[in-house]
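Chemist: Chains as they are written, first to last, in full-length UniProt numbering: chain A, 1 to 273; chain B, 1 to 429; chain C, 1 to 322.
For reference, the structure I am asking about is given below.
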Amino acid sequence: MRKAGPLVYLTLSGAIVLSAFPLYWLFVIASRSNDVVGDWPPPLLPGSHLFGNVSRLFAAEDANFLKGMANSAIASLAVTVSVVFFSTLAGFAFAKLRFRGKNFLLMIILATMMIPVQMGIIPLYMIMVKLGWEDRLQAVIVPFLVSAFGVFLMRQYAERAVPDELIEAARMDGCHTFRIYWTVVLPALRPGAAVLALFTFMGTWNEFLWPLAVLESDNPTVQFSLNQLSTSYYTDYTLMFSGALVATLPLLAVFAVSGRQIIGGIMEGAVKA
Amino acid sequence: MARHRRGVLAALAAAASLALLAACGGGGGDGGSGSGRTTLVVKTFGQFGYDELYKKYEAAHPGVTVKEENIAKLGDYAPKLQQWMATGRGAGDVVALEEGILTQFKADPGKFVNLLDYGAGSLKGNFLDWKWQQALTTDGKDLIGLGTDVGAQGMCYRTDLFKKAGLPTDRDQVGALWPTWEAYLATGERFTKAGTGAHFFDSSGSIYKNILIQQGDHTYYDTSNKLVMESNPGVKAAWDQTVRMITAGLSGNILSYSPQWNAGFKKGTFATIPCPSWMLGTIEKQAGPENAGKWDVAKVPGAGGVNGGSFLAVPKQSKHQKQAADLVKYLTAAQGQTAAFQAKGNFPSSPQAIDSPAVQGYTAPYFGNAPVGKIFGESVKALKPLYLGPQNNPINDEVTNALIAVEQGKLSPDAAWKKAVGDAKRLVQ
Amino acid sequence: MATHLRPSTAAPPTRDAPAPGAHRPREKLLSRLDRGGSPYLFIAPFFLLFAVFGLYPLGYTAWVSLHDWTISGKGDYVGLANYRQLFGDPDFWNALGNTLGMLVVATVPQLVLALIVASLLNQQLRAMTFLRLGILLPIVTSVAAVGIVFSQIFDRDAGMANGLLGLVGVHPVDWRADKWSSWLAISTMVDWRWTGYNSLIYLAAMQAIPRELYEAAAVDGAGRIRQLRSITVPMIRPAVIFTVISSTIAGMQLFTEPLIFGQGPDAISGGSLRQFQTVSMFMFEKAFRNFDYGYGSAVAWMIFLVIMLLTAINFFIVRRMK
């Protein structure tokens, strides 16, 4: 591996400052009181109101923030596990297996990525009414258990990351296809799958329009709760900032875990080569 | 009306307790299996301030539970409402309708229970005339909803900035500065010349809207729902008046509800703003305790002002229409409206509630003890019934955007007017 | 990790693999069933769930787009009237232009930056974990947070962007008033949010590139940029295709960032003269603000068709480059 020079460190450090600043600033405002909002120059150092703001957050009327966090955690976890499993499975099939109609079916999957999401709300709600799932948590889980995006990503990733010889060798050993997937393909896809897991978790966690449409304020997801913190006419900034900050913490945890997987992949790549 | 309602309540209570008895096999009220209980689901947005009223209603109606499901922002609530109506499920038993949305439903009232069928006809005198008319179809046969609050409007102003500009600060004298919008403009010019560094008002949208509703009995539509925006001189007059204020440099071009608008209350970047009753709480919180007494409330120029307001309606998909209608009558009665005013500052649409000592005697400590109950009451009573057509709100949004474009210097007033008219025509296509 | 799976013909048969010749015909049949059927089995879950939760909404939207619609629900059948009206609607063309414009302004720098960042990260670094995680922080910052922070940054009167411009003597910019300024601000938001995301995809793909290739190239005297162009990009080509296509699709569906940028209850119109209204915002405005769900559905189908067209063009270019 190439050694990095000082210029690389400088560039990356600059990029990190830019990347981290909004998150830092979120923390700054979340720890302040409302009277700094709109000040120039803006406050750049944390204050002492973090605890007060966060306790206001959990007490906020009609927001049910704690429940929203729990609901989102359940939904995001369920969706992530399912999407990673089905996407790696289908992605492997599309990248490495031969079957009739493969290209056509892949095109269909691509096409489903192109459907504008906002329009599906009313027909999807109709389906939920038929299933009796309005205001239930499964309404924000089941429709998202598979993802066209995930299949496509895993297909593109598997093309290069899983050498054909490896699969053929496993076949020679008499492995049936699912076993090949499980013992050969899945481990090889791990870095890509970790990326997909991270994205899927983020996406579900950040989903807003559909939960707002199908759930009610007594059983919300976290973004729904966040949205309940301000009315059309009044925005309590420090409350919203603390909400956004607290809502980001679980993502940081997921990030730390999957980040290690992604970086773990690099070591493997070195060994493989 | 009170006697009548009590009769209905008593009958309902009796029916409900009978049902409860039947369900529980003669047992007491407690330990009921739940099958005898009726849960009425009320869908609201923003803050209606009904929590105490629900408790009282439940106490008076054994067997009835009221559950409110609230969405904080109207913009998020409206698509949900649309989806409940389209699918026939999810609307609960009582829905809150903002006036612009109610207007859209009037063309096709079939989705809601006709409250006249539930004896609401006798309640006409309990609502401001124009509020009652708003929920009544043109043929007078269908009443979609009963009024809750009205956004009774005053003119909020910064006393410290007025003082700096050499203007009076006493709210009666300030009100006397602007009997008309022309006089308001003149005051604004005086204020601007004084060079306080602040603008006279935030942005022109709410000014325009207030001028517009003083112009007669209809605005963009005539009562047969024909678009008359171009031929109605009132609309153009309101537009021209607003444009004169913009060209005189009175507007701060600060988008409503943006962060800089919120901060403006504290920093005093604008000196006046038309303030509906529900905005007082916003101003108090945004300006903060350190600015207590700097904001005050005077009357609006011209005759009266209102911005927004809501109704309660019973969707046909409710399985408890009769009980829901009864709850609507209870919540919108004078006492209910007064209680909501005391809870969240929602100004009543019932003359009895407006004239009640609780409202008339209400003063706002943060605003130099301004008698806002009185000021707002006079403001809404001065208004004449105004007919709004189906696409009233979207059209008004286009006009507001055209005014913003003038403020930004992006369009000349003439081009902006032409654009607004064109947009409106396409909207009703 | 793959060593224990390396085939070894001399190895004794395992439980999973019956001894060669023991049940030849049955084994062959099973193997053929497995080879022929497994691919379909593997992709079946996707298509099953998609049929229920994807296809129905799509078909329903098409059907609805042929109807008049009010806040009360579906009205009369109107044929293609919604589409005819759409083609004559200047607001639609404006929104389409904005969307394509922002797509170019945002996506091109974003993918180039992502490639640079990923290749910088794909080398031996001190504090590697910290640097990698740090650069990817925007991915985990929640949408709400992004919205709040960036509306402060691009505030006209008290925003940091104008504050910094002021330090170098530039007049404050009313970011929302012009096309160029609003597009720039929104593209900044988009790029801030998604550059790390794309570089993560590139980084994951780069790890599959054998190191010897770089070493051989270095021996040949190829510089860093040369290596990036002639080794990295060709080797991660599937990932590049993926990001180009998914960025195009995401760009065509751009919604959250401009909405957040817009502020206020009427943000959906994307500025006083619709300077930054995207097609998704236009669709939402028609369907859920003006309650004309039929018209909104027609817009949705147009967006769908435009994205298909763009993707086809993407594929065409990729084929040509092969």
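Yeah, the Cβ is synthetic: ideal placement off N, Cα and C, and Gly gets one too.
Here the structure is a predicted model, which is why all the values come from computation and not from measurement.
Please name the residue or residues paired with C/N314 in a DSSP beta bridge.
Modeler: DSSP output for C/N314 lists no bridge partner at all.
Chemist: With DSSP collapsed to three states, give me the class of B/G26.
Modeler: A caution first: B/G26 carries a pLDDT of 31, below 50, which makes its placement in the model unreliable, though a value can still be read off. B/G26: coil per DSSP, three-state reduction.
Chemist: Going by beta carbon distance, what residues of the same chain come within less than 7 Å of B/T44, once the five residues before and after it are set aside?
Modeler: The answer, listed in chain order, is E68, N70, A96.
Chemist: B/S412: buried (16+ other C-beta within 10 angstroms of its C-beta) or exposed?
Modeler: Result: exposed.
Chemist: How would you list, in chain order, the residues of chain B whose beta-carbon sits under 7 Å from the beta-carbon of C/F291?
Modeler: Those within 7 Å of C/F291 in chain B are Q82, Q104.
Chemist: So, helix, strand or coil for A/L229, using DSSP?
Modeler: Three-state result, A/L229: coil.
Chemist: From the beta carbon of B/A86, is the nearest beta carbon of chain A less than 7 Å away?
Modeler: It does; some Cβ of chain A falls within 7 Å.
Chemist: Any idea what DSSP makes of residue 276 of chain A, helix, strand or coil?
Modeler: No answer is possible for residue 276 of chain A: it lies beyond the span of chain A, which begins at 1 and ends at 273.
Chemist: May I ask you to report which of helix, strand or coil DSSP gives C/V117?
Modeler: Residue state, collapsed to three classes: helix.
Chemist: Please say whether B/G234 and B/G249 have beta carbons closer to each other than 7 Å?
Modeler: Going by C-beta atoms, B/G249 is not nearer than 7 Å to B/G234.
Chemist: Mapping DSSP to helix, strand and coil, what is B/S310?
Modeler: Strand at B/S310.
Chemist: From the beta carbon of A/Y233, is the nearest beta carbon of chain B less than 7 Å away?
Modeler: Cβ-Cβ to chain B under 7 Å: yes for A/Y233.
Chemist: Checking contacts by CB at 7 Å: is residue 334 of chain A closer than that to chain B?
Modeler: This structure cannot speak to residue 334 of chain A, because chain A is shown only from 1 to 273.
Chemist: Does DSSP put B/L21 in a helix, in a strand, or in coil?
Modeler: Its pLDDT being 36, under 50, B/L21 is placed unreliably by the model, and nothing is read from it.
Chemist: Closer than 7 Å, CB to CB, is A/T200 near chain C or not?
Modeler: It does not: the Cβ of A/T200 has no partner Cβ on chain C nearer than 7 Å.
Chemist: For the ligand FAD, is there any heavy atom lying closer than 6 Å to the beta carbon of A/G101?
Modeler: Because no ligand of any kind appears in the structure shown, any question about the ligand FAD cannot be addressed here.
Chemist: Listing by chain order, which chain A residues have their CB less than 7 Å from the CB of B/E69?
Modeler: Chain A residues near B/E69: E216, S217, D218.
Chemist: Pull up the CB-CB distance for A/T221 and A/V140, whole angstroms please, since I reckon it's below 8 Å.
Modeler: Yes, A/T221 and A/V140 are in contact; Cβ-Cβ is about 6 Å, under 8 Å.
Chemist: Who are the near neighbours of C/H67 in its chain, counting only those whose CB is closer than 7 Å to its CB and skipping five residues on each side?
Modeler: Cβ neighbours of C/H67 beyond the five flanking positions: K74, G75, D76, Y77, V78, G294.
Chemist: Check for me: the alpha helix (DSSP H) holding A/W133 runs from which residue to which?
Modeler: Per DSSP, A/W133 belongs to no alpha helix (DSSP H) and is neither H nor E.
Chemist: Rank A/N64, A/P46, A/F255 by C-alpha distance to the C-alpha of C/G196 and give the top, closest one.
Modeler: Nearest option by C-alpha distance: A/F255.
Chemist: At 4 residues or longer, what runs of the alpha helix (DSSP H) sit wholly inside the stretch 102-126 of chain B?
Modeler: You should have found no qualifying run.
Chemist: With a cut-off of 8 Å, do at least 3 Cβ pairs link the stretch 198-211 of chain B to the stretch 271-283 of chain B?
Modeler: They touch, by the three-pair rule.
Chemist: Using the Cβ count rule (16 or more neighbours within 10 Å means buried), how would you classify B/Q214?
Modeler: Label assigned to B/Q214: buried.
Chemist: Kindly indicate the opening and closing residues of the alpha helix (DSSP H) around A/I74.
Modeler: Its alpha helix (DSSP H) spans residues 65-96.
Chemist: Enumerated in chain order, which unbroken segments of the beta strand (DSSP E) with a length of 3 residues or greater are wholly contained in the stretch 60-102 of chain B?
Modeler: Complete beta strand (DSSP E) runs here, min 3: 64-71, 94-98.
Chemist: Measure from the alpha carbon of B/Q323 to the alpha carbon of each residue in B/E52, B/T65, B/A198, then state which is nearest.
Modeler: Minimum Cα distance to B/Q323 is reached at B/T65.
Chemist: Would A/L212 count as contacting chain B if we go by Cβ distances under 7 Å?
Modeler: Yes, A/L212 lies at the interface with chain B (some Cβ there is under 7 Å from its Cβ).
Chemist: Quick one: is C/A204 buried, meaning 16 or more other Cβ sit within 10 Å of its Cβ, or exposed?
Modeler: Looking at its Cβ environment, which holds 16 or more other Cβ atoms inside 10 Å, C/A204 is buried.
Chemist: Any C-beta of chain B sitting closer than 7 Å to the C-beta of C/F282?
Modeler: So, not an interface residue.
Chemist: So, are the CB atoms of A/I122 and B/Q83 less than 7 Å apart?
Modeler: Yes, the Cβ-Cβ distance between A/I122 and B/Q83 is below 7 Å.
Chemist: Which residues, taken in chain order from the stretch 44-56 of chain C, show a beta carbon closer than 8 Å to some beta carbon of chain A?
Modeler: So the close ones are P45, F46, F47, L49, F50, V52, F53, G54, Y56.
Chemist: Distance check for B/Y208 and B/W239, CA to CA, integer angstroms please.
Modeler: Rounded to whole angstroms, B/W239 to B/Y208 spans 7 Å at the Cα level.
Chemist: Write down the C-beta distance between C/Q207 and A/P187 rounded to the nearest angstrom, noting that I regard them as a contact closer than 8 Å.
Modeler: So it is not a contact: roughly 13 Å between Cβ atoms.
Chemist: How do the stretch 139-155 of chain B and the stretch 333-347 of chain B stand: do at least 3 beta-carbon pairs fall below 8 Å, yes or no?
Modeler: The stretch 139-155 of chain B vs the stretch 333-347 of chain B: in contact.
Chemist: Hey, does C/V143 have any beta-carbon neighbour from chain A nearer than 7 Å?
Modeler: Closer than 7 Å: yes.
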